[in-house]
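Number of protein chains: 2
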Amino acid sequence: MDELDVFFNPKSIAIIGASESLKFGHSMTSYLLNSQFKTFPVNISKEEIFGHKAYSNIKDINEHVDLAIIIVRNDFVLDAIKNCVEKGVKGIIIESAGFSETGDENFIEIQQEIERIAQKNEVRIVGPNCVGITNFRNKFTSTEIDFDEVPEGGKISVIAQSGVLGNIFVDWGASQNIGFSKTITIGNKVDIDEIDMLEYLEKDPETSVITLYIEGVKRGSKFITTLKNMSKPVLVMKNGRSQIGSIAIKSHTGSIAGNDKIYNALFNQIPGVFRIDNFYEMFNIAHAFATQPLPRGKNIAITTSSGSLGSLACDLIEKNGLNLASLNESTINDIKSVSPNWVSARNPVDLGPSSFSTFRPSLNALFNDPNVDALLNIFAVPKMPLEKYNLPITPQLRDMKSLSKKTGKPIITCVFGSRWVFDYFLKHSEKYNISIMTQLNHAIKALKMMHEYYLKK
Amino acid sequence: MDELDVFFNPKSIAIIGASESLKFGHSMTSYLLNSQFKTFPVNISKEEIFGHKAYSNIKDINEHVDLAIIIVRNDFVLDAIKNCVEKGVKGIIIESAGFSETGDENFIEIQQEIERIAQKNEVRIVGPNCVGITNFRNKFTSTEIDFDEVPEGGKISVIAQSGVLGNIFVDWGASQNIGFSKTITIGNKVDIDEIDMLEYLEKDPETSVITLYIEGVKRGSKFITTLKNMSKPVLVMKNGRSQIGSIAIKSHTGSIAGNDKIYNALFNQIPGVFRIDNFYEMFNIAHAFATQPLPRGKNIAITTSSGSLGSLACDLIEKNGLNLASLNESTINDIKSVSPNWVSARNPVDLGPSSFSTFRPSLNALFNDPNVDALLNIFAVPKMPLEKYNLPITPQLRDMKSLSKKTGKPIITCVFGSRWVFDYFLKHSEKYNISIMTQLNHAIKALKMMHEYYLKK
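These protein sequences, in sequence, are chains A and B. Here the working numbering is used: the first residue of the first sequence is 1, the next is one more, and so on. Here the working numbering is used: the first residue of the second sequence is 458, the next is one more, and so on.
So, in C-alpha cells, the structure goes:
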C-alpha cells in the first residue's frame, strides 16, 4: 500500500465545514454523504446535515477516519488540522483558499505552520486552495463531478495547480467523450506536490498518459529527475510566460513562476515530455495518446470534404516538421476508381461532397499504403442533409477503428460545423473510442508528439 | 441598382441540374422551390421535381429568369452557360467543381472559355467550384442553410474562396449565437472575385464587418487599393503559408498561393485589415467587432472565477501588446467591500467560487474605473451546481450590457467547462447580443484589433 492511496481510495471520510447552504463544497458534501464512501459531516453549529448526524469536532467521531476534507474559512483551517492530527487521520485535503496567495503576512504564517505540521506528523496534506482529488474508477471525489456524464475507463490522469482542471475541464472533456482516470489538484502545495503525484501515477496501472499544469516548481532538480524517469508521456502546461502573468500567479497559488526560457529548454530536453499551449489542446492530445497507436513515421495522409481545410492542414503539417505522404500509384488508382472525375485523388484526398460510399474504399486504400504512417480525417458536412436524412456514419467509424487496429496506424478526425454535427459524430463513435477534435492544429500537434514519443520508446 | 444585386435579391431563379436524388444541391433545390423566390427546376430527363414542373432547357421557360444556379456535372456546364446567355439571365452561380483545380487540360480550357463568355456578354458569373451566395435578410440561398437556427440581424458578411464558409462555418456560428448578413463563396473566380464583392459590401448598409478567406489573388494592385479604401474592418485569412499547403491550394481552387511573406507585409501595412489564423478566431473576432464598442485604450480589466485562467489571460495580454489595467484605489476598495477575505481584489480580479452577488458590484466598479478601457470576463463554473440550482445569470448579463452601453467600453466573456454551461450562457444572453467565446486568445486578439481599429478611425 502506498501512503497516498488514502487520497484515492479512502475507507472513511470527514468533511470539515460540511453545510447544507448553497456555497462551495455543497454538491460534493451531498454526493459523498449519499455514496458508498462512509462519510461524516463536521459542522460546529449543526446537528444534522442532509439527514446525517453532524459532529461539532472530528475528534467526536468514534470511528476511525482515514481522510479529512477541509472546506472551512481560512481563519479556522489551522485548528481543524490540529484536530485531524489528534484524530489520527492519514490524509487531509485542504480546499479552503486564502493563504500565501493573499500576500497577507498572517495567512502566509499560517500556511508555514501547516507545512511544519505535515513535516512533523504521519499525515499527508493536499492543498490548500484546491478542489482536491477525483478517482474515476471507484467514483471518489472531493469536488463536483457528474460521474454519469464522464465516459468510463479513461486512461488520462491530471495533476494540476488549479481547481479549474479538477472539475470545469473535466466537464468539458466529458462533453467531448474524453474519459479520465484520476484528477489531482494541488493548489499551494503545502506538502504534496507534482513530484509526489508523478511518482504515484507512474505506478498506477489505470493511467497511461499524464497531463500536468504547474504555476511554479519548488523542488527543481528532483522535478527534472522524476520527469526523466517517467515511462508514460507527460503533457505539461506552465503559465507565467510574461511578467504580468507571473504576478498574477503569485496571487493565485503564491507560486514563483520562474524564468520561462529555462522551463522551455527543460521541457524540450526531456523525451516524452511535451509542452502544451492551452487546456483544450492538452486534453485533446492526451486523448489521442490514450486511444490511438503511435505513428511509426512522419507521413500523414489526409481525407477531407473541404479543400480549404485540407490545405490549412498541409500548412500545419509542414510547420510541425511532418510530411504529407506520397501515395502509392495503386492507392491513387483505387481512389480514382470509386470517385467522380472532380475528386482530387492526390494527398490531401479531397472527396468534397461526394457520396459517402467513396469514403470507405479510399480509407481502406490509405490505411494499407506502406507510405502512410498516420491519417487525418476532416469531416466538414452541412448540418441540414445530415440531420434530414440521418446519414449513416457508423460503418465509416467501424472501418476507421478496425483498419487502425489492423494496420497499427492512428487516425484523428476533425469535425467542423454545427454543434449538432459534432454531437452526431460523438454519439455514433462512443463505443469506438475514436479521437475527435474540432481544431486542426491540435490534431497535427498530437501526431507530431505521438511520433516523437514512438522514437523515444 | 448594382448589377451584383441579382445575386442577393433575384426575382426569378432557374436551378440547372435540379434533382430529387440525395446528392449535392438537393436541400437547396427543395428549399428554393418551396420559398417565396420564384424558382424553376431544369432537368434534361425529368418532367417534375418536388411537384414542380421541370424544364429540359432553361430556354424553354417562358418567363424572364434573373439568376441561374448550375449544379450539373462539369462536362455539361459549358452548354448550360451558353443556354443561360441566350436566355438573357443577368447572373450565374456555377457550383459544379472539376475545372482548373483538376489540372486536366480539357477542363482548364473549358474554364477559360467560360471566362471569355463572361467578358463578352452582359452576364456576371460566380464560381465555379463554390456553394454560391446567401442573403440572411431576405433568406435567399444557393446552399444548405437552416435559417431558423441563425440569429437574425447579424452584421457580419463573408467573402470566401471555399464552400466550407458558405454553410459549415455558418452552422458553427449559428450554434454560438453569431449572426450573418451575407455569405459569398467565389471558388475558382472565373469572373467575380473578392474585389468585386469587397466593393459591393462596402456599400451594403447591412454589413458592418467583413471576413475574407482567400487562397490566391489575381488582381494584386487593385486588391491593395480596394482594401485601403474600405471603411469597414476586414478580417483576412489566407492559407498556403507552406510549400505543401500551396500545392494543395492549386488542386482546390486552381489558385496560385503566392509568397506568404508578401501577403503578411501587405496585411500588416493597411490599417483596418487584420490577418487571422483560423476560422473560429475569424468569426469570434468579427462578432466582437459587430456587437461591442471599440476600446479607447489598451488597459484591460479581468474578472475571473479561475486564477489559472486569469494568469493565462495576463500572458496573452502582454504577448499582444496590451496592458493589464492598474485599478483605482476606490475600485479596489469597492471590490474588497463586497468580497470574502480570500478574494484577490487586484487585477485580475479573482472572485473564485465566491457568491454571484460579489460579481455585480465588482463589474460596476471596473466599468466605471477611468483606468479601464475594456473588460474580459472569465466564466468558469462547474456544471453541477449551475444545473442543479438553476443559478440566475440574467441579472449579470443585463448589467454587462447596460454598463457597456453607458460607459462605451467593450466586454468579452470567455466561458469554460461543460457544453451545457456554454449553452446555458448562450440561451440567457440571446437578447443581449453579448460577445461570448471559449478561447482566451481569441478574446485578447479581438480587443487588440478593435483598439487598433479605434486608432485608425
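Just so it is clear, CB atoms sit at the ideal spot from N, CA and C, and this is done for glycine as well. As the structure is a prediction and not an experimental result, all values here were calculated from the model.
A residue is called buried when at least 16 other Cβ atoms come within 10 angstroms of its Cβ; residue 457 of chain A does not meet this threshold and is exposed. As DSSP reads the structure, residue 807 of chain B sits in a beta bridge with B/761 and B/801. For residue 858 of chain B, the three-state secondary structure derived from DSSP is helix. Using beta-carbon distances, residue 385 of chain A counts as an interface residue toward chain B, with a partner under 7 Å.
In the displayed model, residue 461 of chain B falls within a helix according to three-state DSSP. DSSP, read as helix, strand or coil, puts residue 484 of chain B in helix.
Of all residues in the stretch 474–496 of chain B, only 479, 480, 481, 483 and 484 come within less than 8 Å of chain A when Cβ atoms are compared, listed by chain position. Residue 123 of chain A places its beta carbon less than 7 Å from that of residue 85 of chain A. The three-state reading of DSSP puts residue 174 of chain A in helix, counting H, G and I together.
Per the Cβ contact rule, the stretch 113–131 of chain A is in contact with the stretch 83–97 of chain A (3 or more Cβ pairs under 8 Å). The shortest C-alpha to C-alpha distance from residue 689 of chain B to any of B/666, B/676, B/673 and B/695 is the one to B/666.
Identification of residues in the stretch 862–882 of chain B having a C-beta nearer than 8 Å to some C-beta of chain A yields 873, 874, 875, 876, 877 and 878, given in sequence order.
Chain B places no beta carbon closer than 7 Å to that of residue 329 of chain A, leaving this residue out of the contacts.
Looking at A/362, A/339 and A/373, the one whose alpha-carbon comes closest to that of residue 324 of chain A is A/373. Cβ contact annotation for residue 9 of chain A (same chain, cutoff 8 Å, sequence separation greater than five): 135, 138 and 140, in chain order. Per DSSP, the continuous alpha helix (DSSP H) segment holding residue 223 of chain A begins and ends at 220–229. Counting along the chain, residue 730 of chain B sits inside the beta strand (DSSP E) bounded by residues 730–732. Within its own chain, the residues whose Cβ lies closer than 6 Å to the Cβ of residue 4 of chain A, once the five positions on either side in sequence are excluded, are 200, listed in chain order.
Contact with chain A is absent for residue 806 of chain B, since none of that chain's Cβ atoms lies less than 7 Å from the residue's Cβ. Apart from the 5 residues on each side of it in sequence, residue 723 of chain B sits with its Cβ closer than 7 Å to the Cβ of 681 in its chain, given in chain order. A Cβ-Cβ distance of about 4 Å is found for the pair residue 889 of chain B and residue 858 of chain B, placing them in contact under the 8 Å criterion. Look at residue 143 of chain A here: in three-state DSSP terms it is coil, with no helix or strand label. Legend: CB atoms of the stretch 623–656 of chain B lying less than 8 Å from CB atoms of chain A belong to residues 624, 625, 626, 628, 629, 631 and 632. Here residue 450 of chain A is buried. Its C-beta has 16 or more other C-beta atoms within 10 Å.
A direct Cα-to-Cα measurement between residue 600 of chain B and residue 527 of chain B gives close to 12 Å.
Counting along the chain, the unbroken alpha helix (DSSP H) around residue 266 of chain A starts and ends at 260–269.
Under the DSSP assignment, residue 416 of chain A falls outside any alpha helix (DSSP H), being part of the beta strand (DSSP E) whose first and last residues are 411–416. For residue 879 of chain B, the enclosing alpha helix (DSSP H) begins and ends at 876–886. Residue 867 of chain B counts as buried, since at least 16 other C-beta atoms from the protein chains shown sit within 10 angstroms of its C-beta.
Residue-level contact check: residue 123 of chain A does not touch chain B, since none of the beta carbons of chain B fall below 7 Å from its beta carbon. The beta-carbon distance between residue 222 of chain A and residue 195 of chain A, rounded to whole angstroms, is 6 Å. This is short enough to meet the 8 Å contact definition. Sixteen is the threshold: since fewer than 16 other Cβ atoms of the shown chains lie within 10 Å of the Cβ of residue 22 of chain A, the residue is exposed.
If you check the CB distance, residue 418 of chain A and residue 605 of chain B do not come in under 7 Å. A direct Cα-Cα distance of roughly 58 Å separates residue 852 of chain B from residue 504 of chain B. Following the DSSP letters along the chain, one finds residue 325 of chain A in no beta strand (DSSP E), marked with neither H nor E.
Non-local C-beta neighbours of residue 429 of chain A in its own chain, meaning closer than 6 Å and more than five positions away in sequence, comprise 397, ordered along the chain.
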